[in-house]
Amino acid sequence: MNIVVAMKQIPDLQQIRIRNREPVLDAVPLTLGNIDKNALEAAVAFKESHGGKVTVLSAGSEDLEDTIKEALAAGADEAFLVLDDELDGADSEAIAGILGAALNRIEDKDLIIFGEGSGDNYSGQVGPRVAEILGIPLVTYASSIEINDKTAKVVRSLEDCEEIIELTLPAAVSVLAGINEPRIPSVTQILKAGKKPKEILEMDDLGLALAEKQVITLSNLAPESERKQILLKSADELVKALSSQSLIGR
Amino acid sequence: MAGILIYSDKNDYALELLTAARIITASSGLDVRALSINNDSQAEALAGAGAEVCKINNTAIALADASALANAIKQAVEKLDINTILLSSNLRGRELAGRLAQIIGTACLTGVSAVKLNGDKLECQRNALGGATVATQYIATEKKVIAIVPRSFEKAPAGTGKISELEVDVQATPGLKLVETKAKSEDSVDIEAAEVLVAVGQGLNSKDDLPMVEALVKALGGELACSKPVATDKKWLSEERIIGLSGKKCKPELAVLLGISGQVQFNVGIRDAGTIVAVNSDENAYVNKMADYVLVDDLHKVVAELNKILA
Chain E
16 MNIVVAMKQI PDLQQIRIRN REPVLDAVPL TLGNIDKNAL EAAVAFKESH GGKVTVLSAG
76 SEDLEDTIKE ALAAGADEAF LVLDDELDGA DSEAIAGILG AALNRIEDKD LIIFGEGSGD
136 NYSGQVGPRV AEILGIPLVT YASSIEINDK TAKVVRSLED CEEIIELTLP AAVSVLAGIN
196 EPRIPSVTQI LKAGKKPKEI LEMDDLGLAL AEKQVITLSN LAPESERKQI LLKSADELVK
256 ALSSQSLIGR
Chain G
146 MAGILIYSDK NDYALELLTA ARIITASSGL DVRALSINND SQAEALAGAG AEVCKINNTA
206 IALADASALA NAIKQAVEKL DINTILLSSN LRGRELAGRL AQIIGTACLT GVSAVKLNGD
266 KLECQRNALG GATVATQYIA TEKKVIAIVP RSFEKAPAGT GKISELEVDV QATPGLKLVE
326 TKAKSEDSVD IEAAEVLVAV GQGLNSKDDL PMVEALVKAL GGELACSKPV ATDKKWLSEE
386 RIIGLSGKKC KPELAVLLGI SGQVQFNVGI RDAGTIVAVN SDENAYVNKM ADYVLVDDLH
446 KVVAELNKIL A
């Protein structure tokens, strides 16, 4: 069983500061999407119990060669990377096209796992787009995956219901953040990660060129906060304040 | 002139999309069409709101098979001369948006909370950087797929519309079989509809402290909600109660936030509330900056006092 996990390099969201409503991204370290880490954990956990191989697939700037060590330390066996400095912030359509082309180069892939959305944009398009490109079945929003020989049984958890879906492999799944708790790699694993095999391609190698952006960003600002921020001293004061505005005791 | 097509699997969301479509077309005179797939009651609801509805009835299209759904919508787009497709950005709609945009060969925005036609550009607002910012973006391609966050628009009012039938040729996706659908009934609560929300975060000491918070919820006539870790890590409350980027976006009149630090991933789900109260022992907690009323104190003590006063 060979599992490919698609992961996205993003700025560490916890370290982004806002200055004059503008996000300050200088010197913010890069990491991998948080839900992508759940996708990786699902693949590594399966490999540990049933054998097989886990390949991590990603497309991004040159920094990715370093960022991807996080995934190799957390249990991926090898990395397949498409590097181009224009790729961070590229449209979902462009990224899906690159991942689709890269996946066509990876032989023996039984299952492709995505996170349900990237940590930064949370657009949720890439998994569904890649499934359409490859023409393989995909189940989104998985809260559990049970893999058998030639099939996978996936619980798809939606707002108001759960669907139990059987997939014939090869297939793809996107997972919810709640599906598992991603492991924290040990120091030894982190040291070994640098030695794991990486296949590095450029856009040319895939016969692709990055198209012009189709999603144009006009502005990207922190919302203005117009909250009163009135400091109160007691529960009593709070009740009085809320009552005076008819928010309680109606 | 090429028009707008709306589709959602949920009747209420479809009625909201109808409002969004009418706002966009108000100044442009574009046609609005509504699509219903294997859902006669929805076709009637939309026609009852004045929509021109195209109804597809085709047993090859299952709701669980988003690829087949996307294919059906693509054919409707071609037959009806559509440029802009509005979908709902609930979970099914978000998947559908990506698939549809891919097979049409166009760009797509999901999670859109506001739209505005500015000249020939349809400007969309959506959260970016994990909710830290709101981006204003537009799609430069002629055809556009836009998925709109539920409850961003009012439902369309009553009107007189009409229903026509549309034929599509769709195959079910091979290799995908729906075995069973189970309703989530263990704790069905709609925190998005609540006018008052009391949300607990990791400042709550233990699950045993929930009853006193529930008493406060009852006294305020609201619903109980939480930050993500309370549901997914601690599993004290069901995931339906999560406020935030990967949970619900709520706009209550009053939100009381107890023991919540105020990370952006949470804030994005509550920042549209009318009045926000933060109770937190940390005077530097980020949540205090996004609150109207701030009480720096132990939440357990404050909840007990509030319960006493409100009893």
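Those sequence lines, one after another, are chains E and G. For what it's worth, my numbering labels the leading residue of the first sequence as 16, then goes sequentially. For what it's worth, my numbering labels the leading residue of the second sequence as 146, then goes sequentially. Ideal placement from N, C-alpha and C gives every residue a C-beta, glycine not left out.
DSSP state of residue i mapped onto helix, strand, coil
i: F129(E); result: strand
i: A226(E); result: coil
i: R32(E); result: strand
i: R167(G); result: helix
i: Q347(G); result: coil
i: K155(G); result: coil
i: E428(G); result: coil
i: K266(G); result: strand
i: N202(G); result: coil
i: I25(E); result: strand
i: E214(E); result: strand
i: L257(E); result: helix
i: V20(E); result: strand
i: K165(E); result: coil
i: A237(E); result: coil
i: L403(G); result: strand
i: A302(G); result: Contrary to the premise, residue 302(G) reads as Pro rather than Ala in this sequence. Three-state DSSP puts P302(G) in coil, outside helix and strand.
i: I148(E); result: helix
i: A190(G); result: helix
i: S302(E); result: Because chain E is modelled from 16 through 265, residue 302(E) falls outside the range shown and cannot be assessed.
Proximal residues of chain E, C-beta to C-beta of residue i below 9 Å
i: T119(G); result: Since the displayed chain G opens at 146 and closes at 456, residue 119(G) lies outside it and no answer follows.
i: L321(G); result: P152, L153, V154, I180, E181, L182, T183, A186
i: R244(G); result: Q140, P143, R144, A146, E147, L153
i: T326(G); result: C176, E177, E178, I179
i: V447(G); result: S249, A250, L253
i: E161(G); result: Correct list: empty, because the minimum Cβ distance to chain E is about 15 Å.
Contact set between residue i and chain G, taken where Cβ atoms lie within less than 7 Å
i: V230(E); result: A252, L254, Q282, I284
i: P238(E); result: V279, R416
i: P38(E); result: L274, A277, T278
i: G134(E); result: G275
i: N235(E); result: A273, T278, A280
i: G7(E); result: Chain E is shown from 16 up to 265; residue 7(E) falls before or after that span and cannot be answered.
i: D125(E); result: Correct list: empty, because the minimum Cβ distance to chain G is about 12 Å.
Per-residue contacts from residue i into chain G (C-beta, under 8 Å)
i: D51(E); result: Going along chain G, no residue has its Cβ under 8 Å from D51(E), so there is no contact; the nearest lies around 13 Å.
i: A256(E); result: Y438
Nearest-angstrom Cβ-Cβ length linking residue i and residue j, presumed shorter than 8 Å
i: V334(G); j: L365(G); result: The pair is not a contact, with the Cβ atoms about 15 Å apart (cut-off 8 Å).
i: L451(G); j: L361(G); result: 6 Å
i: G414(G); j: L390(G); result: 7 Å
i: T155(E); j: G142(E); result: 7 Å
i: A344(G); j: S383(G); result: Not really, about 14 Å apart at Cβ, beyond 8 Å.
i: L175(G); j: A301(G); result: Their Cβ separation, rounded to whole angstroms, is 16 Å, which puts L175(G) and A301(G) out of contact at 8 Å.
i: V439(G); j: L247(E); result: 7 Å
Residue i at chain A interface by Cβ criterion, 8 Å
i: S212(G); result: Here the protein chains are E and G, and chain A is not one of them.
Partners in chain G for residue i, counting only beta-carbon separations shorter than 9 Å
i: R34(E); result: Near R34(E) there are no residues of chain G at all, since even the closest Cβ is about 12 Å away, more than 9 Å.
i: A111(E); result: G243, Q247
i: A74(E); result: Those do not exist, as A74(E) stays about 16 Å from chain G at its closest Cβ, beyond 9 Å.
Residue i: contacting residues in chain E (beta-carbon distance under 7 Å)
i: R239(G); result: G139
i: L390(G); result: Y137
i: A317(G); result: The contacting residues do not exist; A317(G) stays about 10 Å from chain E at best.
i: V422(G); result: L253
i: N235(G); result: E174
i: N433(G); result: Q244
Contact set between residue i and chain E, taken where Cβ atoms lie within less than 8 Å
i: D437(G); result: R242, K243, Q244, I245
i: L399(G); result: L257, L262, I263
**Report entry** Whole beta strand (DSSP E) elements within the segment 170-207 of chain E, 3-residue minimum
**Finding:** 176-183, 186-190
Query - Contact between the segment 284-292 of chain G and the segment 221-234 of chain G (3+ Cβ pairs under 8 Å) - result: yes
**Report entry** At least 3 beta-carbon pairs within less than 8 Å: the segment 17-27 of chain E vs the segment 74-94 of chain E
**Finding:** yes
Requested in this report: Counting only runs of 3+ residues fully inside the segment 71-139 of chain E, write out the beta strand (DSSP E) ranges in chain order.
Outcome: 93-98, 126-130
Query - Touching by the beta-carbon criterion (3+ pairs, under 8 Å), the segment 38-58 of chain E and the segment 190-209 of chain E - result: yes
Query raised in the report: Just checking, does the segment 101-121 of chain E make contact with the segment 237-248 of chain G on the three C-beta pairs under 8 Å criterion?
Result: yes
Query raised in the report: So does the segment 208-218 of chain E actually touch the segment 84-94 of chain E, counting three or more Cβ pairs closer than 8 Å?
Result: yes
Query raised in the report: Okay, do the segment 309-321 of chain G and the segment 57-72 of chain E touch, 3+ Cβ pairs below 8 Å being the bar?
Result: no
Query - Segment contact, 8 Å Cβ cut-off, at least three pairs: the segment 435-449 of chain G with the segment 343-356 of chain G - result: yes
Query raised in the report: At what residue ranges does the segment 308-385 of chain G contain a whole run of the beta strand (DSSP E), taking only runs of 3 or more?
Result: 321-328, 341-345, 368-371
**Report entry** Segment contact, 8 Å Cβ cut-off, at least three pairs: the segment 247-261 of chain E with the segment 209-229 of chain G
**Finding:** no
Query raised in the report: Any contact of the segment 425-433 of chain G with the segment 220-236 of chain E, i.e. 3+ C-beta pairs under 8 Å?
Result: no
Query - contact_flag[the segment 222-229 of chain G, the segment 147-155 of chain G] where n(CB pairs < 8 Å) is 3 or more - result: yes
Query raised in the report: Can we say the segment 196-208 of chain G touches the segment 163-181 of chain G, given the rule of at least three CB pairs closer than 8 Å?
Result: yes
Requested in this report: Determine contact between the segment 259-277 of chain G and the segment 146-164 of chain E, defined as no fewer than three beta-carbon pairs at a distance below 8 Å.
Outcome: no
Query raised in the report: Do the segment 236-247 of chain E and the segment 392-408 of chain G make contact, defined as three or more Cβ pairs closer than 8 Å?
Result: no
Requested in this report: Tell me the start and end of each unbroken beta strand (DSSP E) in the segment 213-300 of chain G that is at least 3 residues and wholly inside, in chain order.
Outcome: 227-233, 252-263, 266-273, 278-284, 289-293
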